[in-house]
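Chains as they are written, first to last, in the numbering used here: chain E, 1 to 340; chain H, 341 to 680.
In this text, a Cβ means the ideal position worked out from N, Cα and C, and glycines have one as well.
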DNA sequence: AATCATGATGTAAACCTTTACATCGGCGAG
DNA sequence: CTCGCCGATGTAAAGGTTTACATCATGATT
């Protein structure tokens, strides 16, 4: 019982007075073994405290029960709550979660591929669509993979994200309902799908309200705090200032907020600002930020569920799952000032 | 090369025209094999793209190259930056990181023990000293383990944390140097070691400045935002209000801050408030919070290094590593008001 | 020249499972 | 009574490594 060596299937077989094959069957195909035998085996398992050796099992079966989660940056505050969803779902199905981060280094990403060659992982969850390997290698033999947030590459690999269009639409509708008509959109890189989608939600909202699109009010950046500040400076060099700044993410919104405060303006008195993502800090900014909440735990759960399906079926039922984002109304939005 | 099956050691051996034993040796004990052979083997490895099957290896060796990281809550924003340190260090030594969270559920924690019985993990990193299993099981055969933040149990298991005494001392010294003499200490549960240590730093600082200890100014809570608010209310029911609130963590400090603002006070004009931990939100509070930064990535790095040492030696060189915490001065501390 | 030590390599067993196939016993049908 | 079938169980191979031990060649020592 408290031997130093963990019990093997053979120990169980000896005690239950059956063969190891029967033990294995009693565990994995209980209906194939007589009830009386099953009982003996279960007792023996209890006595020995036997746990199947996962290594031997994986070796024999040719597949592991681990899922590799690769993110460019696991320090990202968004990451951990998604991880919760991923881990819960995986565990519920007997899988474990392995994590790796690439820091956007393709070399590092490549090393994670070894996890599959060496059978240490059965599938992969990939964040933000950035394929962490050189392109040539992967098309050849990529493990079953599900993306989070954005499609990986543009083909084949299913992913779970949030309905950016709808989210952006909710924001712009709120601003419009408050009375804003000159609404700037501050994006990040146009290579990111999220940018395109959020912007299209923005444009759809304007169109629905009969507000003509003003390209002067659409800026690009790189999604950082600094880039929000920069965009603000650009806008201030023009004559027709917006009354509201709709930002592609919370980082950018923070940059805009800081910039406006530095210029002595009050939010939401003088300008309204919105974000997207609802990072943990958003509620602590002053004013607290009105933004769109990503249902992070749910995203993790769905992504993992999809991957597990992929692993059993070899064919995904869906290639894209978009979750509904929620508008979180805080204190950074108000009606536009009467006149400026 | 682009076979559907991954190459095995046998494929390499065939191409290199040696035995599989030689291939294995060429990989793991290169000095034991002739230079010419080594070359042939390396070429063959390159040709086949061979990666050793980790499952077979672990099975044979009786140990895996995975480290299990167990935390009560991986959604905790502190968690992910420590994870970065853990993962980097592990990877540098050929180990992978497996994660699990218990949500303080002993049952769940127990399931993770199976990872060791089933040879899926070689060692464990445990957060916050909460042993996630029932007590009886573990003393028997606990895997090599290193704690983070607090010692696990009170015996045997080494851990990596931060020098709470020194950190608290830095805070209280700052407050004293600003002129405060009535400094409240708002703690969490006295069962937590961090509480005891931070409080002892607080007391040492007062003593060094010749300020007598006033037990009325020391309160206990549970470390949550709400508990900070509550403690504040208690203090306000007394006559000798402090001029500064030194909180055991940032959550509590936030509660105090909100409470003071609700009462219409200005920070740091009317009162000074300090935290401990430097959670990501701390910089975004208003006023931004003066606090102690936990060197999180370093903690992760050291904890993993210690565990790896444990795994090779079976004897830890150190049983306790305390890292030096840094004071982060922001805007929540100022001199006390001239008189009240 | 015979022997021995040394260094390089090969052979085969072991790690623990799962599962195809073989075996065995009992029962129903002819 | 015999045959065939079926359900329950056992036997043994396979999965890819690592490594103790055996083997072999080479060069040095007597």
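message: Output needed in chain order: residues of the region 624-647 of chain H with a Cβ under 7 Å from some Cβ in chain E.
response: 624, 625, 626
Residue from E/282, E/280, E/320 whose Cα sits closest to the Cα of residue 162 of chain E | Taking the first residue of the first chain as 1, we reach residue 162 of chain E at position 162. The shortest C-alpha separation from residue 162 of chain E is found at E/320.
- [ ] Tell me where the alpha helix (DSSP H) around residue 304 of chain E begins and ends.
- [x] The sequence position of residue 304 of chain E within the first chain is 304, counting from 1. That run of the alpha helix (DSSP H) goes 296-313.
*asked:* DSSP three-state label for residue 29 of chain E, please.
replied: Stepping through the first chain from its first residue, residue 29 of chain E is reached at position 29. Coil.
- Item | residue 120 of chain E, buried or exposed, once every other Cβ within 10 Å from all chains shown has been counted against 16 | Here the question's residue 120 of chain E lines up with position 120 in the first chain. That one is buried.
inquiry  = Below 8 Å, how does it come out for the region 247-259 of chain E and the region 211-218 of chain E: are there three or more Cβ pairs, yes or no?
reply    = no
Considering only the beta carbon of each residue, do residue 486 of chain H and residue 662 of chain H sit closer than 8 Å? Indexing the second chain from 1 puts residue 486 of chain H at position 146. Indexing the second chain from 1 puts residue 662 of chain H at position 322. No.
- Query: What alpha helix (DSSP H) runs, 4 residues minimum, are completely inside the region 484-535 of chain H?
  - Reply: 504-518
Review point. DSSP on residue 82 of chain E, reduced to helix/strand/coil?
Key: Stepping through the first chain from its first residue, residue 82 of chain E is reached at position 82. The answer is helix: DSSP assigns residue 82 of chain E an H, G or I state.
* residue 540 of chain H and residue 562 of chain H: beta carbons closer than 8 Å? -> For the purposes of this step, residue 540 of chain H is taken as the residue at position 200 of the second chain. For the purposes of this step, residue 562 of chain H is taken as the residue at position 222 of the second chain. Their beta carbons are not under 8 Å apart, which means residue 540 of chain H does not touch residue 562 of chain H by this criterion.
* To do: Please report how far the alpha carbon of residue 457 of chain H lies from the alpha carbon of residue 637 of chain H, in whole angstroms.
  => Stepping through the second chain from its first residue, residue 457 of chain H is reached at position 117. Stepping through the second chain from its first residue, residue 637 of chain H is reached at position 297. The straight-line gap from Cα to Cα measures roughly 30 Å.
Is residue 10 of chain E closer than 8 Å to residue 440 of chain H when the C-beta atoms are compared? Numbered from 1 along the second chain, position 100 holds the residue referred to as residue 440 of chain H. Numbered from 1 along the first chain, position 10 holds the residue referred to as residue 10 of chain E. Not in contact: residue 440 of chain H and residue 10 of chain E (Cβ atoms no closer than 8 Å).
For residue 377 of chain H and residue 455 of chain H, what's the separation of their Cα atoms in angstroms? For this step, residue 377 of chain H is matched to residue 37 along the second chain. For this step, residue 455 of chain H is matched to residue 115 along the second chain. Answer to the nearest angstrom: the Cα atoms are 39 Å apart.
#### Entry: Spatial distance of residue 601 of chain H from residue 626 of chain H (CA atoms)
Position 261 of the second chain, counted from the first residue, corresponds to residue 601 of chain H. Position 286 of the second chain, counted from the first residue, corresponds to residue 626 of chain H. Near 10 Å, if we compare the C-alpha coordinates of residue 626 of chain H and residue 601 of chain H.
Against residue 415 of chain H, what residues of chain E qualify as contacts under a CB-to-CB distance less than 7 Å, listed in chain order?
The residue labelled residue 415 of chain H in the question sits at position 75 within the second chain. Result: 80, 81, 84.
*asked:* I want to verify the contact list: residues of chain H whose CB lies under 8 Å from the CB of residue 87 of chain E, in sequence order.
replied: Locating residue 87 of chain E in the first chain gives position 87, counting from the first residue. Neighbours of residue 87 of chain E on chain H, chain order: 414, 439, 440, 441.
Q: Could you tell me whether the Cβ of residue 261 of chain E comes closer than 8 Å to any Cβ of chain H?
A: Translated into positions along the first chain, residue 261 of chain E becomes position 261. Answer no: the Cβ-Cβ gap between residue 261 of chain E and chain H never drops below 8 Å.
**OP:** Measure the CB-CB distance between residue 122 of chain E and residue 65 of chain E and report whether it falls below 8 Å.
**Re:** Position 122 of the first chain, counted from the start, is the residue given in the question as residue 122 of chain E. Position 65 of the first chain, counted from the start, is the residue given in the question as residue 65 of chain E. With respect to residue 65 of chain E, residue 122 of chain E sits close: the two C-beta atoms are nearer than 8 Å.
Original post:
Where do the ends of the alpha helix (DSSP H) carrying residue 55 of chain E lie?
Top reply: Position 55 of the first chain, counted from the start, is the residue given in the question as residue 55 of chain E. Run containing residue 55 of chain E: 54-61, per the alpha helix (DSSP H) assignment.
Among all the DSSP beta bridges, which residues are the ones paired with residue 285 of chain E? Indexing the first chain from 1 puts residue 285 of chain E at position 285. For residue 285 of chain E, which the question treats as bridged, DSSP gives no partner whatsoever.
* In angstroms with no decimal places, state the Cα-to-Cα distance between residue 581 of chain H and residue 415 of chain H. => Reading the second chain from its first residue, position 241 is the one you call residue 581 of chain H. Reading the second chain from its first residue, position 75 is the one you call residue 415 of chain H. Rounded to the nearest angstrom, the two C-alpha atoms are 37 Å apart.
ask   = According to the neighbour-count rule (16 or more other Cβ atoms, all chains shown, within 10 Å of its Cβ), is residue 236 of chain E buried or exposed?
value = Counted from its first residue, the first chain places residue 236 of chain E at position 236. Answer is exposed; the Cβ neighbour count stays below 16.
My output table needs one value for residue 584 of chain H: the three-state DSSP class, helix, strand or coil. For the purposes of this step, residue 584 of chain H is taken as residue 244 along the second chain, with counting starting at 1. DSSP places residue 584 of chain H in strand when its eight states are reduced to three.
Worksheet entry | Counted within 10 angstroms of its Cβ, other Cβ atoms place residue 669 of chain H as buried (16 or more) or exposed | Residue 669 of chain H sits at position 329 when you count from the first residue of the second chain. Classification of residue 669 of chain H: exposed, given that the 10 Å Cβ count is below 16.
Endpoints, the beta strand (DSSP E) within which residue 342 of chain E is located: Residue 342 of chain E lies beyond the range of chain E shown here (1 to 340); nothing can be said about it.
Q. Hey, is residue 491 of chain H's beta-carbon within less than 8 Å of any beta-carbon in chain E?
A. As a working mapping, residue 491 of chain H is identified with position 151 in the second chain. No, no contact with chain E.
Next item on the list: Give me the Cα-Cα distance between residue 46 of chain E and residue 151 of chain E, rounded to the nearest whole angstrom.
Entry: Taking the first chain and counting its residues from 1, the one referred to as residue 46 of chain E is at position 46. Taking the first chain and counting its residues from 1, the one referred to as residue 151 of chain E is at position 151. If I take the Cα positions, the gap works out to 46 Å.
Exercise. How many Å lie between residue 226 of chain E and residue 265 of chain E at the Cα?
Worked result: Along the first chain, read from residue 1 onward, the residue named residue 226 of chain E stands at position 226. Along the first chain, read from residue 1 onward, the residue named residue 265 of chain E stands at position 265. Distance between the alpha carbons of residue 226 of chain E and residue 265 of chain E: 18 Å.
- [ ] Please state if the CB of residue 673 of chain H and the CB of residue 514 of chain H are separated by a distance shorter than 8 Å.
- [x] The count along the second chain starts at 1 and reaches residue 514 of chain H at position 174. The count along the second chain starts at 1 and reaches residue 673 of chain H at position 333. Against a cut-off of 8 Å, the Cβ pair of residue 673 of chain H and residue 514 of chain H comes out as a contact.
**Prompt:** What's the gap between the Cα of residue 289 of chain E and the Cα of residue 186 of chain E?
**Reply:** Position 289 of the first chain, counted from the first residue, corresponds to residue 289 of chain E. Position 186 of the first chain, counted from the first residue, corresponds to residue 186 of chain E. Residue 289 of chain E and residue 186 of chain E: Cα-Cα distance of roughly 15 Å.
inquiry  = Pop quiz: residue 348 of chain E and residue 270 of chain E are said to be a contact at Cβ under 8 Å. What is the actual Cβ separation, rounded to whole angstroms?
reply    = Shown here, chain E extends from 1 to 340; a query on residue 348 of chain E therefore has no answer.
May I have the straight-line CA-CA distance separating residue 284 of chain E from residue 607 of chain H, to the nearest angstrom? Looking up residue 284 of chain E in the first chain gives position 284. Looking up residue 607 of chain H in the second chain gives position 267. If I take the Cα positions, the gap works out to 16 Å.
Check: Mind checking whether residue 23 of chain E and residue 7 of chain E have CB atoms under 8 Å apart?
Finding: Along the first chain, read from residue 1 onward, the residue named residue 23 of chain E stands at position 23. Along the first chain, read from residue 1 onward, the residue named residue 7 of chain E stands at position 7. Note that the C-beta distance between residue 23 of chain E and residue 7 of chain E is not below 8 Å.
My understanding is that residue 762 of chain H touches residue 425 of chain H, with C-beta atoms under 8 Å, so please give their C-beta distance in whole angstroms.
Look at the range of chain H in this structure, 341 to 680, and you will see that residue 762 of chain H is not part of it.
task = Go through its chain and collect everything with a Cβ distance to residue 144 of chain E's Cβ below 6 Å, but skip five positions before and after it.
result = Your numbering for residue 144 of chain E matches position 144 in the first chain. Excluding sequence neighbours, residue 144 of chain E sits near 123, 310, 311.
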